[in-house]
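Working notes for the structure below.
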Amino acid sequence: MNARMFALFAVGALLTQSCIHVEDDPYYDPTTYEAEPNDFYWGAQGLGPICVGQSFQIRGHIDDFGSDPFDGFAFRSEVPMDIEFALYADDPYDDFDVELFDPYTLTTVARWETGANPEAGRFSVVSSGFEFHLVVSSFHGSGAYTLEVRGAPLTWYGDGATQLAAQGVSDRAERSVDWTGYARRGAGESSDESPAWALMTTYEIDPGTGHARRIDVRRLLRQGAAFDGN
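Residues in the sequence shown are numbered consecutively from 3, following our numbering.
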């Protein structure tokens, strides 16, 4: 194991301890239920940290009539890791899609748009403390769904130029979901409703020593916002 991989493993082992959870309550419900409104990036439903080996099962409802265009779910990586997901539509005739959204740059990183049920994919988050959004939308149909999300060991070792490494899938020649609406503000909505700044914590690996150094970065989320100094 080289110094870089060892450092990633050591940091992961340390941070993952905060995600260990044992539930002895026989009435414990492992399902997370969608909470509206979560149609835009500043209102994404925060599900907190996700660790390697941890799973989420989310139940929600989406439609293609404009009243509920997106369901956004925000996660935070506890360690550099891969994320696996599968979106199951209850009705086999519904066609739901998934977007990976970066709230720091307000951009779509990848989208999975096929007629498959489940719509499934995998991507890498190469920093600790990095927030990412999984967004559900309907290409066709309205109904309930289950979104399963699982943390897995990191398989992508790049140069760190990007925090989210993903390869989406689309097999449609015709129109697709207009994902830009998730980041676009609606008419008459105040810009003060969305957060101006976000704090992102990452870990930089020194290739010479293999030591990890924590870096806290303030990221601008809204243009024209004043930096508060915190």
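Here a beta-carbon is modelled for each residue, glycine too, at the ideal position from N, C-alpha and C.
Taking three-plus beta-carbon pairs below 8 Å as touching, is the stretch 141-151 in contact with the stretch 55-66?
Pairwise C-beta distances place the stretch 141-151 in contact with the stretch 55-66, as three or more of them are shorter than 8 Å.
DSSP-derived helix/strand/coil call for Trp158
Note: Trp158 maps to coil in three-state DSSP.
Roughly how far, in whole angstroms, is the beta-carbon of Ser139 from the beta-carbon of Ile85, given that I think they are within contact range, below 8 Å?
Their Cβ separation, rounded to whole angstroms, is 18 Å, which puts Ser139 and Ile85 out of contact at 8 Å.
Using a Cβ-Cβ cut-off of 7 Å (strictly less than) and excluding sequence neighbours within five positions of Trp114, which residues of its own chain qualify?
The beta carbon of Trp114 lies closer than 7 Å to those of Asp99, Val100, Glu121, Gly123, Gly170 and Val171 in the same chain, with the five residues before and after it left out.
For Thr116, which of helix, strand or coil comes out of DSSP?
Three-state result, Thr116: coil.
In or out: Ser193 buried (at least 16 other Cβ within 10 Å) or exposed?
Since pLDDT at Ser193 reaches only 47, below the 50 mark, its modelled position is unreliable, and no value is offered.
On the DSSP bridge list, what partners appear for Thr148?
According to DSSP, Thr148 bridges with Arg61 and Tyr90.
C-beta atoms of Pro82 and Leu156 nearer than 8 Å:
Contact: yes.
So, are the CB atoms of Asp96 and Gly62 less than 8 Å apart?
The criterion of a C-beta distance shorter than 8 Å is not satisfied by Asp96 and Gly62.
Can you have a look at Phe67 and say buried or exposed, based on whether 16 or more other CB atoms are within 10 angstroms of its CB?
Phe67 is exposed by the Cβ-count criterion.
According to DSSP, simplified to helix, strand and coil, what is Thr164?
DSSP places Thr164 outside both helix and strand once states are collapsed to three, so it counts as coil.
With distances taken Cα to Cα, identify the nearest neighbour of Ala118 among Asp92, Ser126 and Asp70.
Between Ala118 and the set Asp92, Ser126 and Asp70, the nearest pair of CA atoms involves Asp92.
Looking only at C-alpha atoms, which of Gly45, Ser129, Tyr106 and Pro32 sits nearest to Asp73?
Check the Cα spacing between Asp73 and each of Gly45, Ser129, Tyr106 and Pro32: the tightest is with Gly45.
Would Gln165 pass as a contact of Phe125 if the rule is Cβ separation under 8 Å?
For the 8 Å CB-CB criterion, Gln165 and Phe125 do not form a contact.
Write down the C-beta distance between Gln47 and Phe75 rounded to the nearest angstrom, noting that I regard them as a contact closer than 8 Å.
A Cβ-Cβ separation of about 5 Å places Gln47 in contact with Phe75 under the 8 Å criterion.
State buried or exposed for Ala37, treating a residue as buried only when at least 16 other CB atoms are found within 10 Å of its CB.
Burial is judged here by how many other beta carbons sit within 10 angstroms of a residue's own beta carbon; Ala37 has fewer than 16 and is exposed.
When DSSP builds the beta bridges, which residues end up paired with Val171?
Trp114, per the DSSP bridge assignment.
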